[in-house]
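The numbering of the sequence shown is UniProt numbering, which starts it at 1 and goes up by one.
Cβ coordinates follow ideal geometry from the N, Cα and C atoms, glycine included.
Bear in mind the structure is a predicted one, so any value in this text is a computation, not a measurement.
Heads up, the thing below is written out as structure tokens.
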Amino acid sequence: MAQTTDTNRKIILAERPKGAPDENTLKLETEAVPQPGKGEMLLRTVWLSLDPYMRGRMSDAKSYATPVEIGGVMTGQVVAEVMESDVAGFSKGDYVLSPSGWQDFFVSDGTQVLNLGPEPENPSWALGILGMPGYTAYAGLLKIGEPKPGETVVVAAASGPVGATVGQIAKIKGCRVVGVAGGAEKCAHVTDTLGFDACIDHRAEDFDEQLAAACPDGIDVYFENVGGKVLYGVLPLLNPFARMPVCGMVAWYNLQGLPEGPDHGPQILSTILRMKVKVQGFIIFDSFPIELYQEFSEAMTGWLKEGKVQYKEQVVEGLEAAPQGLYDLLEGRNFGKMVVKVG
């Protein structure tokens, strides 16, 4: 079902998943296109971002953000075209970054909407390298990880939009960078295209040994966005006063209880104590001063123009394919920043 001008397709949260989401979690519905009123504008979704945090919004557990209500439109950032506007600073034909969610059309009063102009060169990049994932990598690495030239930085999910950016910034800052990814193709991309010094396949039976060999001087910064076996392999290699920015735990998002296997809690806390490790979680929306975004935007735009940062997208075609795209993302079956071409 293609996007039309007289129907609003929307994907709603039909039920809260127990464990991994499935075909019963998200449902496609249709309604009339909403009409903007005074002081409002009508936005048509062109690109939709798919991100791991969306799994958390399906849960009603206490978190940093309000969960999606049952029957509510699934939350998400989009790049949209302004179809009509009565909002100052926004004109018909402008492209915008908006929290419209998983739907074709959205009425907005301009709150939390960023104008990208009438002809952005790469509009979908506002959802990735020049948006939340890129900013997450920049702020988390530089303001919490504080990498210094010659130090070793290890990055989980190194072929993903955040991890790939973290590693490339660390290389710009003069660090040795070791990535962790799933499979030979992703690892080759991390070293050959992104320029990491090494990349270890987390599926390898001797993963711990390979990681140790790639980090002969230990690990000074571990950018954590996965958890699981990667974290357990990193712990013994952390140097005194290592730093660990924590922006995600995708390996554990679908758990209904504690992970299977031994209790690693004592190992984790003991390492933090003995090695004097700084561990700091952050949510990019509220963990840094607003001025930092402008610093990031200017720096990243320059690095992209200079060819110092490479960026890879995986495009999913059609809003109806978005749920499966998210499920693939949560299982690590993506390769690059996943976006949906909606209209």
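#1: With PHE105 and VAL96 assumed to form a contact (beta carbons below 8 Å), what rounded beta-carbon distance in angstroms separates them?
#2: Would ASP286 be called buried (16 or more neighbouring beta carbons within 10 Å of its own) or exposed?
#3: Would you identify the three-state DSSP class for PHE207, choosing helix, strand or coil?
#4: If we ignore side chains and look at the alpha-carbon of each, how far apart do VAL226 and GLU31 end up?
#5: So, with DSSP's three-state summary, where would you put VAL277?
#6: For the alpha helix (DSSP H) that contains ALA126, what are its first and last residues?
#7: Work out the CA separation of GLY336 and LYS92 for me, nearest whole Å.
#8: Between LYS27 and GLU291, what straight-line distance do the alpha-carbon atoms span, to the nearest angstrom?
#9: Would you identify the three-state DSSP class for LYS27, choosing helix, strand or coil?
#10: Using the rule of at least 16 other Cβ atoms within 10 Å of the residue's Cβ for burial, across every protein chain shown, is ARG176 buried or exposed?
#11: Counting along the chain, where does the alpha helix (DSSP H) carrying residue 365 start and finish?
#12: Relative to the C-alpha of VAL107, which candidate in LEU42, LEU329, VAL221, LEU130 has its C-alpha closest?
#13: Between ALA2, LEU326, TYR311, which lies nearest to SER159 when the distance is taken from Cα to Cα?
#14: For ALA181, which residues does DSSP report across the bridge?
#15: Can you give the Cα-Cα distance for THR5 and PRO240, rounded to whole angstroms?
#16: For VAL46, count the other beta carbons within 10 Å of its own beta carbon; 16 or more makes it buried, fewer makes it exposed. Which is it?
#17: Suppose contacts are defined by Cβ-Cβ distances below 8 Å. Is MET58 in contact with LEU127 by that definition?
So, to answer that:
#1: Counting from one through the sequence shown, the residue named residue 105 turns up at place 105. Counting from one through the sequence shown, the residue named residue 96 turns up at place 96. Contact flag wrong, Cβ pair sits at about 13 Å.
#2: Here residue 286 is taken as the residue at index 286 of the sequence shown, counted from 1. With fewer than 16 other Cβ atoms within 10 Å, it is exposed.
#3: Taking the sequence shown and counting its residues from 1, one reaches residue 207 at position 207. Residue state, collapsed to three classes: helix.
#4: Here residue 226 corresponds to residue number 226 of the sequence shown, with the count starting at 1. Here residue 31 corresponds to residue number 31 of the sequence shown, with the count starting at 1. Distance between the alpha carbons of VAL226 and GLU31: 38 Å.
#5: Taking the sequence shown and counting its residues from 1, one reaches residue 277 at position 277. For VAL277, the three-state secondary structure derived from DSSP is coil.
#6: As a first step, residue 126 is located in the sequence shown; it is residue number 126 there, counting from the start. ALA126 -> no alpha helix (DSSP H), and no H or E assigned at all.
#7: Here residue 92 refers to the residue found at position 92 when the sequence shown is read from its first residue. Here residue 336 refers to the residue found at position 336 when the sequence shown is read from its first residue. Distance between the alpha carbons of LYS92 and GLY336 is about 32 Å.
#8: If you number the sequence shown from 1, residue 27 lands on position 27. If you number the sequence shown from 1, residue 291 lands on position 291. Whole-angstrom Cα-Cα distance: 39 Å.
#9: Within the sequence shown, numbered from 1, the residue matching residue 27 stands at position 27. Strand at LYS27.
#10: As a first step, residue 176 is located in the sequence shown; it is residue number 176 there, counting from the start. Under this definition ARG176 is a buried residue.
#11: Outside the displayed span of the chain (1 to 343) sits residue 365, for which this structure offers no information.
#12: Numbered from 1 along the sequence shown, position 107 holds the residue referred to as residue 107. That would be LEU42, whose Cα lies nearest to the Cα of VAL107.
#13: As a position in the sequence shown, residue 159 is number 159, starting the count at 1. Cα-wise, what sits closest to SER159 is TYR311.
#14: The residue labelled residue 181 in the question sits at position 181 within the sequence shown. Paired residue(s): ASP201.
#15: If you number the sequence shown from 1, residue 5 lands on position 5. If you number the sequence shown from 1, residue 240 lands on position 240. Those two C-alpha atoms are separated by around 59 Å.
#16: Reading the sequence shown from its first residue, position 46 is the one you call residue 46. Residue burial is scored here from C-beta neighbours: VAL46 has at least 16 other C-beta atoms within 10 angstroms and is therefore classed as buried.
#17: If you number the sequence shown from 1, residue 58 lands on position 58. If you number the sequence shown from 1, residue 127 lands on position 127. The answer is no: Cβ separation not under 8 Å.
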